[in-house]
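J.:
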Amino acid sequence: MNHELYILAISAASIGFLHTLLGPDHYIPFIVMSKSGKWSRSKTIWITALSGVAHVLSSVVLGIIGVAAGIALGNLEAIESTRGEIAAWLLISFGLIYLVWGIRYALKNKKHAHWHTHSNGVVHDHEHKHHKEHAHIHEEKNVANLTPWILFTIFIFGPCEALIPFLMYPAAEVSLSGMIFITAIFGITTIATMLTVVVVSIYGIKMVPLGKFEKYSHALAGGIILFSGVAVQFMGL
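Numbered by this note's numbering, the letters in the sequence shown go through residues 202 to 438 in order.
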């Protein structure tokens with residue numbers, strides 16, 4: 202490995218780690234959805250990993266096309282910027298829709314009392330909620346089955362802004378094998394950082410009891426995802 206590739210390799214690992222850690226959209230959606238959707242650890246891991254691969258590969262494919270076709274770097278950066286805005290707005294939209302659905306779901310399952318009069322004149326009431334009613338169970342399952350694929354789609358649009366201009370193009374000037382090597386380091390570091398943060402966080406969040414707010418877990422997840430999308434779009438995170 203020549204000196205230039207060595208520097209690029211260190212940069213790839215550093216940028217992959219920092220851009221993931223400083224971007225809340227890389228891990229917060231998976232953490233809160235794992236909690237609200239009661240995902241198993243293995244399900245959380247494979248959904249995070251699959252979305253991370255989609256996130257990196259979308260920029261890699263664009264970068265390879267750019268290098269092979271000799272597309273100006275400025276044009277690729279403009280495309281990546283547009284993709285970033287699309288991904289942020291998709292995240293905002295998903296968070297808002299999930300927030301509204303979560304509130305509606307919680308209110309539909311609010312406990313309420315029914316009064317009953319028996320033939321012997323005894324009158325009593327009992328509380329219940331409709332959480333276990335057939336229609337509601339299917340509604341929650343349908344949403345649970347859909348949300349991983351929504352996150353996956355959002356991450357396809359999400360760009361790795363630094364990958365093409367700071368790593369792929371400089372590495373391609375050295376050699377094709379060097380570009381593949383540098384891209385692999387960046388991708389592995391990015392996905393590994395996503396998985397590490399998510400796995401550590403889901404262990405911690407499981408210890409946080411929601412108590413009476415448990416029924417609002419979906420709404421809370423939607424609100425947090427909405428905020429992370431807003432942070433990306435308007436705060437530059």
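Glycine included, every Cβ here is placed at the ideal spot set by N, Cα and C.
#1: Short of 6 Å in beta carbon distance, which residues of its chain neighbour residue 286, apart from the five on each side in sequence? Order them along the chain.
#2: Between the Cα of residue 240 and the Cα atoms of 413, 348, 304, 359, which residue gives the shortest distance?
#3: For a test of the three-state rule: what should DSSP assign to residue 240, helix, strand or coil?
#4: For the alpha helix (DSSP H) holding residue 385, just list the boundary residues, first then last.
#5: What did DSSP end up calling residue 203 once you bin it into helix, strand or coil?
#6: Looking only at its chain, what residues have a beta carbon closer than 6 Å to the beta carbon of residue 360, apart from the 5 residues adjacent to it on each side?
#7: So for residue 427, helix, strand or coil by DSSP?
#8: Going by DSSP, what residue range makes up the alpha helix (DSSP H) through residue 299?
#9: Just tell me which of 295, 205, 390 has its CA closest to the CA of residue 350.
#10: Quick one: residues in its chain with C-beta nearer than 7 Å to the C-beta of residue 255, no 5 flanking neighbours on either side, listed in chain order?
#11: Do residue 228 and residue 402 have their beta-carbon atoms positioned less than 8 Å apart in this structure?
#12: Okay, do the region 242-252 and the region 264-278 touch, 3+ Cβ pairs below 8 Å being the bar?
#13: Please go through the same chain and pick out, in chain order, the residues whose beta-carbon is closer than 7 Å to the beta-carbon of residue 205, but skip the five residues on each side of it.
#14: Please report how far the alpha carbon of residue 224 lies from the alpha carbon of residue 388, in whole angstroms.
#15: Output needed for residue 221: all residues of its chain with C-beta closer than 6 Å, excluding positions within five of it in sequence on either side, in chain order.
#16: Give me the residue from 382, 399, 426, 397 with the minimum Cα distance to residue 213.
#17: I'd like to know whether the C-beta atoms of residue 292 and residue 426 end up nearer to each other than 8 Å.
#18: Looking at C-alpha atoms only, which residue of 271, 219, 215, 252 is the closest neighbour of residue 438?
T.: Let me lay it out:
#1: On the sequence shown, position 85 is the one that residue 286 refers to. Cβ neighbours of residue 286 beyond the five flanking positions: none.
#2: Within the sequence shown, the letter at position 39 stands for residue 240. Considering only alpha carbons, the answer is 348.
#3: Here residue 240 corresponds to residue number 39 of the sequence shown, with the count starting at 1. Of the three classes helix, strand and coil, the one that applies to residue 240 here is coil, per DSSP.
#4: If you number the sequence shown from 1, residue 385 lands on position 184. DSSP places residue 385 inside the alpha helix (DSSP H), whose first and last residues are 377-406.
#5: For the purposes of this step, residue 203 is identified with residue 2 of the sequence shown, where counting begins at 1. In the structure shown, residue 203 sits in coil (DSSP, three-state: anything other than H, G, I, E or B).
#6: Taking the sequence shown and counting its residues from 1, the one referred to as residue 360 is at position 159. Excluding positions up to five away in sequence, the list reads 260, 281, 284, 285.
#7: Here residue 427 refers to the residue found at position 226 when the sequence shown is read from its first residue. In the structure shown, residue 427 falls within a helical segment according to DSSP collapsed to helix, strand and coil.
#8: The residue given as residue 299 occupies position 98 in the sequence shown. 274-309 is the span of the alpha helix (DSSP H), which, as asked, contains residue 299.
#9: One-based indexing of the sequence shown puts residue 350 at position 149. Nearest of 295, 205, 390 to residue 350, Cα basis: 295.
#10: Mapped onto the sequence shown, residue 255 falls at position 54. The beta carbon of residue 255 sits closer than 7 Å to those of 353, 356, 357, all from its chain and outside the five residues before and after it, given in chain order.
#11: As a first step, residue 402 must be located in the sequence shown, where it is residue number 201. As a first step, residue 228 must be located in the sequence shown, where it is residue number 27. Against a cut-off of 8 Å, the Cβ pair of residue 228 and residue 402 comes out as a contact.
#12: No, the region 242-252 does not touch the region 264-278.
#13: Along the sequence shown, one-based indexing puts residue 205 at 4. The beta carbon of residue 205 lies closer than 7 Å to those of 375 in the same chain, with the five residues before and after it left out.
#14: As a working note, residue 224 is residue 23 in the sequence shown. As a working note, residue 388 is residue 187 in the sequence shown. Near 15 Å, if we compare the C-alpha coordinates of residue 388 and residue 224.
#15: Against the sequence shown, residue 221 aligns to sequence position 20. Excluding sequence positions up to five before and after residue 221, its CB lies within less than 6 Å of the CB of 227, 391, 394, 395, all in the same chain and listed in chain order.
#16: Taking the first residue of the sequence shown as 1, we reach residue 213 at position 12. For the residues 382, 399, 426, 397, the minimum Cα distance to residue 213 belongs to 382.
#17: Here residue 292 refers to the residue found at position 91 of the sequence shown. Here residue 426 refers to the residue found at position 225 of the sequence shown. Between residue 292 and residue 426, the CB-CB gap stays under 8 Å.
#18: Sequence index remark: in the sequence shown, residue 438 carries index 237 (1-based). Minimum Cα distance to residue 438 is reached at 219.
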